[in-house]
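Heads up: the structure comes next, in structure tokens.
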Amino acid sequence: MGGGKAKKQKTHTTAQQRSDDMKPRSPESTEQTRLSKQERKTQKKLDKKERKQEERLKRVMHGQQNNSTEKCGKNSGKKEKVDRYEKADNLTEISPTTLLTTETLKMNFKNYLTTLDTSELLAYITNIPLRLTETERSYLEVIESALEVSEYTSQIDVAKSDYQSYMSFYNTRDVSARSKVEKVKIALDEFKHTIFGILFASNYKLATKILNDRNVEEKFFQEAFEAARRFKASNPASMRTTYQKLMHILQDIVIYDRDFIGPDFVISGKYLPIKTVGSVCSQNDLILICKSLGLMKGDNHMEFDENTNSSKVTVAVPNVATDFLVNSIKDGLSGSEDMCGIVQGMLDELSKYSGYAQDKSLEITRGRGGAAFSHNHSEQYTFVNQSMTLWWNVMRHINEMWLNCDADFLSGEKYSLVNTGQGLQRLQSCPRVGRAMAEILGTTKREVGGGWRGLSVVHLGDRDVPNSLFYIEKYSEVPWILSPILRTVRWLNKMNTLNKEMKEFRMQKMFEKHKPLDWKNAILRHFFQHGFDGSGSDGGSCIDGRLTSAWNWCSMIEKYIYYPIFLLADFEGFDGPFKK
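Numbering (the UniProt record's numbering), first residue to last: 1 to 580.
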């Protein structure tokens with residue numbers, strides 16, 4: 001009886017609850033119930049996301065280990081983990097190269113210059129562009145201002161069509177369609193009028209002289225365009241939106257409208273070459289300047305006139321002072337030091353992966369992680385080392401490459417407008433750049449020794465690299481790719497030396513499970529693996545494909561688990577500094 005009564009009572013209670021549930025609820029209680037369900041649902045998603053992140057973190061930090069190792073050694077693995085962390089806290093375990101400062105890298109590059117033969121050193125110094133004078137800077141401002149408001153490339157580099165379109169039908173021949181020459185001349189006249197308008201507003205006296213004398217006008221255009229090209233060669237981070245437009249205008253002037261510049265240009269078709277140190281200074285004076293800058297040591301200099309005092313260096317161009325020349329050389333050295341120093345810093349980090357270890361394996365497999373080919377650890381290490389050594393040699397000759405690119409693009413050779421998959425581009429041969437790149441590649445092969453991994457094909461004047469501008473812009477971005485990685489790695493080294501009390505809360509949360517040096521290893525290992533795996537559009541093992549793979553890795557940085565560490569290290573992007 002008791003059991004039946006209890007059962008009856010329970011049934012009565014359940015029915016009562018159901019009747020209560022059927023009663024209309026207040027809006028407040030309904031809202032609370034809805035919010036509580038939503039909170040539980042959100043919490044489940046967060047828990048699931050955290051579990052996935054922990055699993056990804058384990059794979060990144062410790063690699064893919066064998067099942068047998070995971071089963072038989074949990075306690076021993078944990079002990080090894082603690083021991084490794086204890087060693088990481090010791091400063092002596094950090095290689096000195098990871099703590100290199102910018103000044104140290106610059107000093108290393110300067111020491112490298114002192115080891116060069118005189119002919120090699122002078123060839124390097126000779127190609128350094130000169131600084132701009134005050135007059136040339138005023139010309140540059142006028143040209144840049146005109147380029148910023150010009151829509152030249154949008155008007156000229158368009159697909160050709162001889163037919164009018166109505167809705168989706170092409171039915172009537174467009175009798176108003178102008179030829180390419182007519183379009184170019186109209187656009188160039190508009191550009192010239194813009195320059196004159198800005199010039200009248202900034203320097204009325206010079207503007208009136210130019211309009212009244214055709215020779216003065218030609219001299220102005222030659223000097224102004226040369227100053228703009230030289231400024232870009234000296235400062236690759238400048239003129240981001242205007243340089244390519246300028247070169248396209250100059251290219252079309254040579255081919256379609258030489259009268260734009262002046263009567264002498266109509267005959268010659270040659271722009272003023274970019275002014276360099278070698279164009280205004282004799283070899284004897286260059287040796288004196290190099291000695292005064294400490295770039296020549298021992299017996300690595302040629303014979304020269306000992307009676308010539310360094311304070312009495314003569315310059316071929318009267319308007320160029322000796323101090324101005326020396327400062328130009330220092331500017332060139334500073335730029336090369338920055339570019340070569342960054343690549344050298346990454347080569348130093350790569351050297352720590354020369355030996356095989358489970359947590360430092362660079363092995364990649366085709367189809368995994370986006371890799372386009374398979375390499376074991378040794379092959380991948382060699383491939384990455386050869387690639388970055390090639391980049392270092394290109395950075396060392398970057399001034400020479402700028403001059404070759406300028407000469408190839410403005411040679412007067414006609415181009416064809418081709419859709420390369422990246423829009424309509426001007427396809428043009430690059431003979432000077434090709435020869436220089438082949439020489440640099442040969443030098444790199446001799447330096448690294450052994451067999452060359454991957455292809456030796458240099459894409460120039462084809463679908464992958466349509467013209468010389470594409471080439472120089474791609475290789476100018478190498479330091480911008482490597483610099484954020486190197487900065488983050490050094491920041492992690494710094495964090496490893498701090499006590500827990502000295503770190504901010506967000507840093508403690510980031511490093512509570514894994515030490516800074518483990519994060520550093522994860523970043524470098526992942527970059528050396530998948531920054532050189534042939535991935536990306538038009539990627540591969542060719543010379544151009546190596547850089548394409550690195551760019552592909554950079555484009556997905558936000559998806560990587562260590563992206564917050566980049567942000568903590570003041571990461572802004574892989575596009576380099578933006579300057580006017």
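All residues carry an ideal CB built from backbone N, CA and C; glycine is no exception.
If you're wondering where the values come from, they're calculated on a predicted model, not measured in any experiment.
Tell me which residue opens and which closes the beta strand (DSSP E) that residue i is part of.
i    : result
D418 : For the record, residue 418 in the displayed sequence is Val; it is not Asp. V418 -> beta strand (DSSP E) spans 416–419.
L424 : 424–427
Nearest by alpha-carbon distance to residue i: which of the options is it?
i    : options                : result
S429 : L272, Y471, G531       : Y471
R435 : F265, V394, L188       : V394
G269 : G573, E473, A407       : A407
L482 : L272, A550, L116, Q425 : A550
F109 : L246, L295, G278, I210 : L295
I523 : N493, S541, L547       : N493
R396 : R463, I364, Y475, Y353 : Y475
I186 : A224, L486, A159, I249 : I249
F566 : P484, Q529, L517       : P484
I267 : G278, K275, V254       : V254
Q380 : R463, Y415, S541       : S541
Q358 : R525, I274, T322       : R525
V277 : K209, S387, I342, D323 : D323
K360 : M401, L486, Q529       : Q529
F383 : E363, K209, Y204, E400 : E363
V142 : S202, E190, D189, E151 : S202
L403 : D117, L350, T126       : T126
Just to confirm my understanding: we take residue i, look at its own chain, exclude 5 residues before and 5 after, and list those with CB closer than 8 Å. What are they?
i    : result
A207 : F196, L199, F200
K192 : F260
T389 : L347, T444, E447, V448
E148 : T241, T242
K275 : P129, L130, E226, R230
Tell me which same chain residues have a C-beta within less than 6 Å of the C-beta of residue i, skipping the five on either side of it?
i           : result
K232        : M239, Y243
Y256        : V181, V184
L568        : none
G576        : A237, W480
residue 588 : Outside the displayed span of the chain (1 to 580) sits residue 588, for which this structure offers no information.
Which residue comes first and which comes last in the alpha helix (DSSP H) that contains residue i?
i    : result
N376 : Unbroken run through N376: none, as it is neither H nor E.
Q358 : Note, Q358: premise wrong, no alpha helix (DSSP H); not H, not E.
E439 : 431–448
M346 : 322–350
D189 : 180–202
P564 : 563–568
G545 : 543–555
L293 : Here L293 belongs to no alpha helix (DSSP H), and DSSP marks it neither H nor E.
F409 : 398–409
Here's a check: name, in chain order, each residue in its chain whose Cβ is nearer than 7 Å to the Cβ of residue i, leaving out the five neighbours to either side.
i    : result
Y563 : I557
G573 : none
Q222 : I261, Y271, L272
R258 : F265, V266, G269
Could you check whether the Cβ of residue i sits closer than 8 Å to any heavy atom belonging to the ligand PLP?
i    : result
S555 : For the structure depicted, the ligand PLP is absent and the ligand set is empty, with no information on it obtainable.
message = I want to know whether the segment 358–378 touches the segment 429–449 - three or more CB-CB distances under 8 Å.
response = Contact check between the segment 358–378 and the segment 429–449: fewer than three CB pairs, one atom from each, fall below 8 Å, which does not count as touching.
task = Decide yes or no for the touch test of the segment 527–539 against the segment 509–518: beta carbon pairs closer than 8 Å, at least 3 of them.
result = Segments in contact, no.
task = For the segment 256–290, list the alpha helix (DSSP H) runs that are entirely contained and at least 4 residues long, ordered along the chain.
result = Taken in chain order, the complete alpha helix (DSSP H) segments of 4 or more residues contained in the segment 256–290 are 263–268, 277–280.
task = Please specify which runs of the alpha helix (DSSP H), each continuous and at least 4 residues long, are wholly inside the segment 453–536, giving them in chain order.
result = Correct list: 468–476, 478–497, 505–511, 516–530.
message = Across the segment 116–124 and the segment 133–141, are there enough close Cβ pairs to call them in contact, namely three or more that are closer than 8 Å?
response = By the Cβ rule, the segment 116–124 does not count as touching the segment 133–141, because fewer than three pairs are nearer than 8 Å.
message = What ranges does the beta strand (DSSP E) occupy inside the segment 120–167, keeping only unbroken runs of at least 3 residues that lie completely in it?
response = Given a length threshold of 3 residues, each whole run of the beta strand (DSSP E) inside the segment 120–167 is given here in chain order: 163–166.
message = Across the segment 491–498 and the segment 324–338, are there enough close Cβ pairs to call them in contact, namely three or more that are closer than 8 Å?
response = At 8 Å Cβ cutoff, the stretches do not touch.
request  = Could I get the ranges of all uninterrupted beta strand (DSSP E) runs contained in the segment 209–246, with 3 residues as the minimum, in chain order?
outcome  = You should have found no qualifying run.
request  = Inspect the CB distances between the segment 262–280 and the segment 210–230 and report whether three or more fall short of 8 Å.
outcome  = A contact between stretches requires three or more CB pairs, one per stretch, nearer than 8 Å, and the segment 262–280 meets this requirement with the segment 210–230.
ask   = With a cut-off of 8 Å, do at least 3 Cβ pairs link the segment 413–430 to the segment 151–161?
value = A contact is defined here as three or more CB-CB pairs under 8 Å, and the segment 413–430 meets this definition with respect to the segment 151–161.
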